[in-house]
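>
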Amino acid sequence: MFNRDRWQEIFQTISKNKLRTFLSGFTVALGIFIFVILFGLGNGLKNTFESFFLNDATNLIWVYRGRTSMPYKGFKSNRQIEFKNDDIADIKYNFGMYMDYISPGINRNQKIKYKNEYNNYSIQAIAPGYQFAEKVYLMEGRFINEDDTQNQEKYTVIGRLVRDDLFGKKSPLGEYVDVGGSMFKVIGVFQDDGGDNEERRIYIPYTTRQLMDKNTDKLDQFVIGFKPEIGYTGAMMFEEKLRQFLKDKHQIHPDDRRGIFIRNVADNLQQNQQFASVLQIIVTFVGLGTLMAGIIGISNIMVFVVKERTKELGIRKALGATPRSVIAMILQESIFITTIAGYIGLFAGILILNSLGVTLEDYFIKNPYIDMQTGIFATVILIIFGAIAGYIPARRAARIKPIVALRDE
Numbered sequence: 001m002f003n004r005d006r007w008q009e010i011f012q013t014i015s016k017n018k019l020r021t022f023l024s025g026f027t028v029a030l031g032i033f034i035f036v037i038l039f040g041l042g043n044g045l046k047n048t049f050e051s052f053f054l055n056d057a058t059n060l061i062w063v064y065r066g067r068t069s070m071p072y073k074g075f076k077s078n079r080q081i082e083f084k085n086d087d088i089a090d091i092k093y094n095f096g097m098y099m100d101y102i103s104p105g106i107n108r109n110q111k112i113k114y115k116n117e118y119n120n121y122s123i124q125a126i127a128p129g130y131q132f133a134e135k136v137y138l139m140e141g142r143f144i145n146e147d148d149t150q151n152q153e154k155y156t157v158i159g160r161l162v163r164d165d166l167f168g169k170k171s172p173l174g175e176y177v178d179v180g181g182s183m184f185k186v187i188g189v190f191q192d193d194g195g196d197n198e199e200r201r202i203y204i205p206y207t208t209r210q211l212m213d214k215n216t217d218k219l220d221q222f223v224i225g226f227k228p229e230i231g232y233t234g235a236m237m238f239e240e241k242l243r244q245f246l247k248d249k250h251q252i253h254p255d256d257r258r259g260i261f262i263r264n265v266a267d268n269l270q271q272n273q274q275f276a277s278v279l280q281i282i283v284t285f286v287g288l289g290t291l292m293a294g295i296i297g298i299s300n301i302m303v304f305v306v307k308e309r310t311k312e313l314g315i316r317k318a319l320g321a322t323p324r325s326v327i328a329m330i331l332q333e334s335i336f337i338t339t340i341a342g343y344i345g346l347f348a349g350i351l352i353l354n355s356l357g358v359t360l361e362d363y364f365i366k367n368p369y370i371d372m373q374t375g376i377f378a379t380v381i382l383i384i385f386g387a388i389a390g391y392i393p394a395r396r397a398a399r400i401k402p403i404v405a406l407r408d409e
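Right, here's the structure in full:
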């Protein structure tokens, strides 16, 4: 392997056969390059899927009020279900063992004004737990806390785009904005990976919203963060018990599917994970198929290369070279060319993927990438099979008698 004379001989052979060397290396580099690009694009597709479906917490149950579709216990159908604060208290009392937090929600769209700047935004009246449900990340200040809800404080946390619209580059912390005729102090600025719509919201304490709505205790919805350790089965059981509890409390027929709507993210998550697994399988098969194509290409090239050198090998054997030394020389040359070309293809593919970034988002491919370990593993596999592809015809050629090899045309 470290024989100086052999390396000199290999470099001389390469320099005298530039076209053959180039074609061999190009086949290897192209195989790895295509593998890296296709595998990276597949990962970019997975990134888009995750940003669409997995940008919020995954241990959530959302509960929405609806209208009944069936009469029950003296109540007529088409009755609007009303959630109130005591629903939150009752759920905490009866299902505390399943829950990490619960946050009510009241949704409004109103004009928000700061000095001469104003626009309409979505106002979410919530409790502190909502920060974890929506995976809200604070850029400045703090989020709504329990003291704010208990004291009905007129505090607000605004989205990044709301800040840009109303305040420009100025920090909004401590400033007051007009929310539906009431002045609210800005205590925080948040960002949300869910996108622009999420960052055009403002959050206020739900109790303050109720105070503004003539001191009512009504709620539009609530979200429950269940304990992840209960798993998928526990989450589905919790959903069923919660549904039955709310139907009993609000006098809804057991078979009525429209009085209350429950969305269990655990169920959606399982479906999304199954879809993500299918994507992973597709990406893997694409990668394996590309590697197989590369291996076949290398094999064909190596068969041609050895065949072309049959007369040369005959001369070497006539001069006293052993079959073992002939095979070792061809293998060393094959591994050297395959290694150099393989890593050129690998780094070229990674460079292309890194330059793409979000430019392919319109085609549902976001931040394509490939793990360096995966790329190196694929390159090593190609090198190994390149060596095998060189060994088999080299071994066959080394067995040919010198006189037969010298007659080869």
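For the record, in the sequence shown the residue sitting at position 299 is 299 according to full-length UniProt numbering, with numbers rising by one throughout.
No residue lacks a Cβ here, since even glycine has one placed at the ideal position from N, Cα and C.
Measure the alpha-carbon distance for L351 versus I327 and round it to whole angstroms.
Roughly 36 Å between the two C-alpha positions.
> Closest to L353 by CA distance: which of Y391, S24, N43 is it?
When each option's Cα is compared against that of L353, the closest is N43.
> Near A235, which residues of its chain fall below 7 Å by C-beta distance, leaving aside the five closest residues on each side in sequence?
Once the five neighbours on either side are set aside, the close Cβ partners of A235 are F226, N264, A266.
> Give the DSSP bridge partners of M292, in chain order.
Answer is none; M292 lacks a bridge partner.
> Who are the Cβ neighbours of D147 in its own chain at under 8 Å, not counting the five residues just before and after it?
Closer than 8 Å at Cβ, skipping near neighbours: E153.
> Using CA coordinates, which residue listed in A389, T207, R243 is at the minimum distance from I296?
Nearest C-alpha to I296: A389.
> Compute the Euclidean distance between the alpha carbons of F83 and N47, then round it to the nearest angstrom.
Rounded to the nearest angstrom, the two C-alpha atoms are 37 Å apart.
> Does the separation of the CB atoms of E175 and V186 fall below 7 Å?
In this structure, V186 lies closer than 7 Å to E175 by Cβ.
> Does D86 come out as helix, strand or coil in the three-state DSSP assignment?
The answer is helix: DSSP assigns D86 an H, G or I state.
> Just list the alpha helix (DSSP H) runs in the region 291-377, keeping only unbroken ones of 4 residues or longer that don't cross its boundaries, in chain order.
Taking only runs of at least 4 residues, the alpha helix (DSSP H) segments lying wholly in the region 291-377 are 310-318, 323-356.
> What are the boundary residues of the alpha helix (DSSP H) that A235 is part of?
Looking at the DSSP string, the run of the alpha helix (DSSP H) that includes A235 is 231-249.
> Can you give me the C-alpha to C-alpha distance between G342 and Y391, rounded to a whole angstrom?
So the alpha carbons of these two residues sit roughly 18 Å apart.
> With distances taken Cα to Cα, identify the nearest neighbour of D178 among D192, Q191, I202, G168.
Considering only alpha carbons, the answer is I202.
> Could you check the C-alpha separation between I337 and D371 for me, to the nearest Å?
Rounded to the nearest angstrom, the two C-alpha atoms are 24 Å apart.
> Within 10 angstroms of the Cβ of D86, are there 16 or more other Cβ atoms? Answer buried if so, exposed if not.
So D86 ends up on the exposed side.
> Classify T58 as helix, strand or coil using the three-state DSSP reduction.
DSSP places T58 in coil when its eight states are reduced to three.
> For residue 410 and G180, what's the separation of their Cα atoms in angstroms?
Any question about residue 410 goes unanswered here, given that the chain covers just 1 to 409.
> Measure the CB-CB distance between T149 and P205 and report whether it falls below 7 Å.
Yes. Within cutoff.
> In whole angstroms, give me the CA-to-CA distance for F167 and S122.
Roughly 17 Å separates the two Cα atoms.
> Would the beta-carbon of Q191 fall within 7 Å of that of K73?
Going by C-beta atoms, Q191 is not nearer than 7 Å to K73.
> Rounded to whole angstroms, what is the Cα-Cα separation between V36 and M99?
So the two alpha carbons sit approximately 44 Å from each other.
> Could you give the distance in angstroms between the alpha-carbon of D165 and the alpha-carbon of N197?
Answer to the nearest angstrom: the Cα atoms are 13 Å apart.
> Identify every residue that forms a DSSP beta bridge with Y137.
Q191.
> Give every residue of the same chain whose Cβ lies closer than 8 Å to the Cβ of A29, excluding the five residues on either side of it in the sequence, and list them in chain order.
Closer than 8 Å at Cβ, skipping near neighbours: A341, G342, I344, G345, A348.
> For D178, report the span of its alpha helix (DSSP H) as first-last.
Where D178 is concerned, there is no enclosing alpha helix (DSSP H), although the beta strand (DSSP E) it sits in stretches over 176-179.
> For a test of the three-state rule: what should DSSP assign to T156, helix, strand or coil?
T156 falls in the strand class under three-state DSSP.
> Which residues does DSSP pair with F222 in a beta bridge?
Beta-bridge pairing links F222 to V63, P104.
> Please list the terminal residues of the continuous beta strand (DSSP E) segment that includes Q80.
No beta strand (DSSP E) holds Q80; DSSP gives it neither H nor E.
> Roughly how far, in whole angstroms, is the beta-carbon of K247 from the beta-carbon of I260, given that I think they are within contact range, below 8 Å?
That belief holds up - the Cβ atoms of K247 and I260 are roughly 7 Å apart, short of 8 Å.
> Are G386 and S325 touching if we call contact CB-CB under 7 Å?
No, the pair does not count as a contact, with Cβ atoms beyond the cut-off.
> Please name the residue or residues paired with E117 in a DSSP beta bridge.
Answer by DSSP bridge pairing, in chain order: Y114.
> Please return the same chain residues whose Cβ sits closer than 7 Å to the Cβ of E140, not counting the five positions on each side in sequence.
These residues qualify, in order along the chain: S171, L173, G188, V189.
> When burial is assigned at 16 or more other CB atoms within 10 Å of the CB, is Y232 buried or exposed?
Burial call: exposed.
> So, using beta-carbon positions, are I106 and A127 closer together than 7 Å?
In this structure, A127 does not lie closer than 7 Å to I106 by Cβ.
> In terms of residue numbering, what span does the beta strand (DSSP E) encompassing R201 cover?
Element bounds for R201: 201-205.
> Please report the straight-line C-alpha distance between M70 and F245, rounded to a whole angstrom.
Looking at the two C-alpha atoms, the distance is approximately 18 Å.
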